[in-house]
Every structure is written in C-alpha cells, then in structure tokens.
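S.K.: Quick one: the structure is below, questions incoming.
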Amino acid sequence: MTKDIRGTQEVLADQFRLTADLCVLTGEYHRLLQRVAAAGFARQMAEDGPEPQLIEAERTEIAAKLAAESCEVKIQDLEHRLSALGQELAALK
Numbered sequence: 004m005t006k007d008i009r010g011t012q013e014v015l016a017d018q019f020r021l022t023a024d025l026c027v028l029t030g031e032y033h034r035l036l037q038r039v040a041a042a043g044f045a046r047q048m049a050e051d052g053p054e055p056q057l058i059e060a061e062r063t064e065i066a067a068k069l070a071a072e073s074c075e076v077k078i079q080d081l082e083h084r085l086s087a088l089g090q091e092l093a094a095l096k
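Dropping the structure here:
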C-alpha cells in the first residue's frame, strides 16, 4: 500500500512538472508564432524592394518558422508524456 501511494505521489509530481513545462512552452510557442507573422509581413514588404533585402527577409521568415515548428514538436512530446502519466496514474488506482 505504501508503494502505491508513493508511486501515485511520484506520478502526480511528474504531471505537475510536465504541466508547468507545457505552460512555459505554450507561451513561448505563441511568441514564436507572432514572430512568424511579423517575419511574413516583413517579407511581403520587402518583395517590392531590393533583392538582398528580400532574401534576408525570406531567411528570417524561414528561421522563425523552424523555431516555431521545433517548439511545437517539444509541446507534442510533453503532451504525449503527460498522457502516458495519466494512464499510469489510472493504472495505479
């Protein structure tokens, strides 16, 4: 019985930690999406200008998209891990 309680407490502690990490990453993801939107706007504005400015704007937009996609993958990983902990917790009951 003591082992089950300790196991439950450990799972709940892991869930709490992952939830906190997920909240931080979600905030970061939204900031990155704003950066993607701003970079897209800057690229559109550069389309009528000199080619070097357009190339730089395109690179900035691509970098912003890659950063957002990377963050999204991390969020999905945390969501899967959180789901697995929920299943583990249900199995302990």
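In the numbering used here, the protein residues as written are 4 to 96. Virtual Cβ for every residue (Gly too), placed ideally from N, Cα, C. For clarity, every value in this text was computed on a predicted model and none was experimentally measured.
1. If we call anything under 9 Å between Cβ atoms a contact, is Glu-59 one with Ala-67?
2. Any heavy atom of the ligand FMN closer than 8 Å to the Cβ of Thr-63?
3. Spatial neighbours of Glu-54 within its chain, please: C-beta separation below 7 Å, excluding the five flanking residues on both sides.
4. Are the beta-carbon atoms belonging to Leu-21 and Leu-92 less than 9 Å from one another?
5. Taking the alpha carbon of Ala-71 as the point to measure from, which residue in Arg-38, Leu-95, Ser-86 has its own alpha carbon closest?
6. Residues in the same chain with beta-carbon distance under 7 Å from Asp-17, minus the five sequence neighbours each way, listed in chain order, please.
7. Go ahead and pull the three-state DSSP assignment for Gly-52.
8. Can you have a look at Leu-95 and say buried or exposed, based on whether 16 or more other CB atoms are within 10 angstroms of its CB?
M.R.: Taking the geometry as given:
1. no
2. Looking at this structure, you won't find the ligand FMN or any other ligand, since it has none at all.
3. none
4. no
5. Arg-38
6. Leu-88
7. coil
8. exposed
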